[in-house]
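Shown next, in structure tokens, is the structure this report addresses.
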Amino acid sequence: MHSRVCILGSTGSIGCSSLDVISRNSERYSASILTAHSNYQKMFEQCKRFSPELVVMVCDKSAKMLTQLLNDAELEIPVVAGIEQLNNIDFAEHCEVVIAAIVGAAGLLPTLAAVKAGLKILLANKESLVMSGDLFMQQVKQSNACLLPVDSEHNAIFQSLPAESHSKAGWSGVKKVLLTGSGGPFLKEPLSELVTKTPDQACAHPNWEMGRKISVDSATMMNKGLELIEACYLFNLSLQQIQIVVHPQSIIHSMVSYDDGSVISQMGNPDMRTPIAHCLAWPERIDAGVEPLDFFNLKPLEFEEPDFERFPCLLLAIKAIETGASAPCILNAANEIAVAAFLAERIKFTQIAEVIKITLERSNFENLDNIDAILRVDGQARSLAETVIGEIS
Ligand SMILES: NC(=O)c1ccc[n+]([C@@H]2O[C@H](COP(=O)([O-])OP(=O)(O)OC[C@H]3O[C@@H](n4cnc5c(N)ncnc54)[C@H](OP(=O)(O)O)[C@@H]3O)[C@@H](O)[C@H]2O)c1
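The numbering used here runs 73 ahead of the 1-based position in the sequence shown.
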């Protein structure tokens, strides 16, 4: 059966990898809706190649530039503009599958709208789940959406967990989920050097090519913290059931350890097209354009415990899950503001953790059971984090 796919954030790293997988499997998939913030040149290239039914650009000016380019090229593709249009896409009319690949909290409302439409959702935008955890999972249940994890670690866990469905009593025979993380570019740097690290150095990930925000999150290991929260919600696991394992080569993408001593892992070259293709075709398999591992030429695989002195953001994330309520939402908001400030060279690399810590310390926590409360808490945490940056920079 042919599936029409909407890519929320098609011009980003995950969006481009998704389009690559779609183009390799064009008899099964087409790109029906593409969205971006402002990169109209890349969107124009994508329009020429994929002829979507609809394009949404958040930035008005970029939408106008794109429309001009499309008119000049005599391509009749409707372009709509603005955040309202992004948050109110009629998914059911245009697609069967939605890939949620916007970066950050901006992905929350469109992703939730896609969930409400009860479609097949491929989730890359982990921030939306971290912000809205219980509410997000309730909506998935209510709408009967099929939620599949694109994040390579969660995709690996999904592939390594028992195939039979999850019972209320938990995953039968599962001892622990082992969530792996590379440790990023600064794993072996002297601690005293971290303060000097520039945005470009933080974004130079040794194994993965990703957008700048997630690259910085990988360097601080906040990415692993967000993934820990994501894993708790996606697989209904407690914090105690998940162990973080630093694995610098990014060949094993995560593992599940069973009561009988078996450990099942998913392995592969670090390329997001593998989990994207897995989710698109699940439960079948399709070509992702990724070479299988060459075991005779692999570097030795190493594993170590995370060092919280080097990665204070990871500890802050663990504490936020333990605190529960609105703490993960506040953590996520403060992190987004701190990472943006670091990328704009307003604060040092080591001050990212400081901003998040102080923001959490100054916050009150409340249960978040509706979207207005989530957006309010997110907004307050962002202002607070900005105030903290003003004080320390
Ligand atoms: N990259 C990876 O390998 C990877 C792996 C696992 C999970 N993820 C997750 O996937 C998500 C996307 O990551 P990425 O690396 O692909 O990010 P990215 O390269 O920065 O791309 C982000 C996409 O979102 C759009 N966007 C940015 N701000 C927006 C806003 N305010 N409103 C609407 N759209 C906006 C961008 O449009 P413009 O291009 O116009 O700015 C772009 O299409 C993140 O949540 C990340 O944690 C990524």
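Just so it is clear, CB atoms sit at the ideal spot from N, CA and C, and this is done for glycine as well.
Item                                                                                                                : Value
Candidates 291, 289, 332 and 375, of which the one nearest residue 325 by Cα                                        : 375
Sequence-distant residues of the same chain with beta carbon closer than 7 Å to residue 458, five excluded per side : 406, 407, 410, 411, 428 and 432
Pairwise C-alpha distance: residue 425 and residue 360                                                              : 39 Å
heavy atom of ligand 1 below 8 Å from residue 206 C-beta                                                            : no
Sub-9 Å separation of residue 173 and residue 197 beta-carbons                                                      : yes
CA-to-CA distance, residue 366 to residue 444, given in whole angstroms                                             : 43 Å
At least 3 beta-carbon pairs within less than 8 Å: the stretch 136-144 vs the stretch 159-167                       : no
Simplified DSSP assignment, three categories, for residue 377                                                       : strand
Buried or exposed by the 16-neighbour rule on C-beta atoms within 10 Å, applied to residue 211                      : exposed
Alpha carbon of residue 260 to alpha carbon of residue 414, nearest angstrom                                        : 22 Å
First and last residue of the uninterrupted beta strand (DSSP E) at residue 138                                     : From DSSP, residue 138 is part of no beta strand (DSSP E) but of the alpha helix (DSSP H) over 133-145.
Same chain, Cβ closer than 7 Å to residue 277, neighbours up to 5 away in sequence not counted                      : 258
Given residue 253 as reference, the closest of 269, 320, 305 and 311 once Cα atoms are compared                     : 320
The stretch 99-113 / the stretch 121-130 touching (three or more Cβ pairs under 8 Å)                                : yes
Beta-carbon separation (whole angstroms), residue 329 vs residue 347, contact threshold 8 Å                         : 18 Å between Cβ atoms; not a contact.
Sequence-distant residues of its chain with Cβ nearer than 7 Å to residue 282 (five each side left out)             : 86
Nearest to residue 390 (by Cα), restricted to the options 357, 353 and 304                                          : 304
Straight-line gap, residue 160 to residue 370 (C-alpha atoms, nearest Å)                                            : 47 Å
Beta bridge counterpart(s) of residue 329 as assigned by DSSP                                                       : 250 and 337
For residue 107, the residue or residues it bridges with in DSSP                                                    : 80 and 128
Between the CA atoms of residue 134 and residue 183 - distance to the nearest angstrom                              : 21 Å
Identity of the residue in 255, 423 and 456 nearest residue 379 by Cα                                               : 255
Environment of residue 84 [buried if 16+ CB atoms lie within 10 Å]                                                  : buried
Residue 199 versus residue 223 - alpha carbon distance                                                              : 9 Å
Distance cut-off 8 Å: residue 176 Cβ against heavy atoms of ligand 1                                                : yes
First through last residue of the alpha helix (DSSP H) which encompasses residue 188                                : 181-189
Proximity below 9 Å, CB of residue 322 to CB of residue 373                                                         : yes
Complete alpha helix (DSSP H) runs within the stretch 248-300 (minimum length 4 residues, chain order)              : 272-276 and 285-293
Short Cβ contact (9 Å threshold) for residue 381 with residue 403                                                   : no
Same chain, Cβ closer than 6 Å to residue 306, neighbours up to 5 away in sequence not counted                      : 202, 206 and 210
Length of the line joining the Cα atoms of residue 355 and residue 123                                              : 23 Å
Three-way DSSP call (helix, strand, coil) for residue 213 in this model                                             : helix
Heavy atom of ligand 1 within 8 Å of residue 286 beta-carbon                                                        : yes
Local Cβ density within 10 Å of residue 271, reported as buried at 16 or more and exposed below that                : exposed
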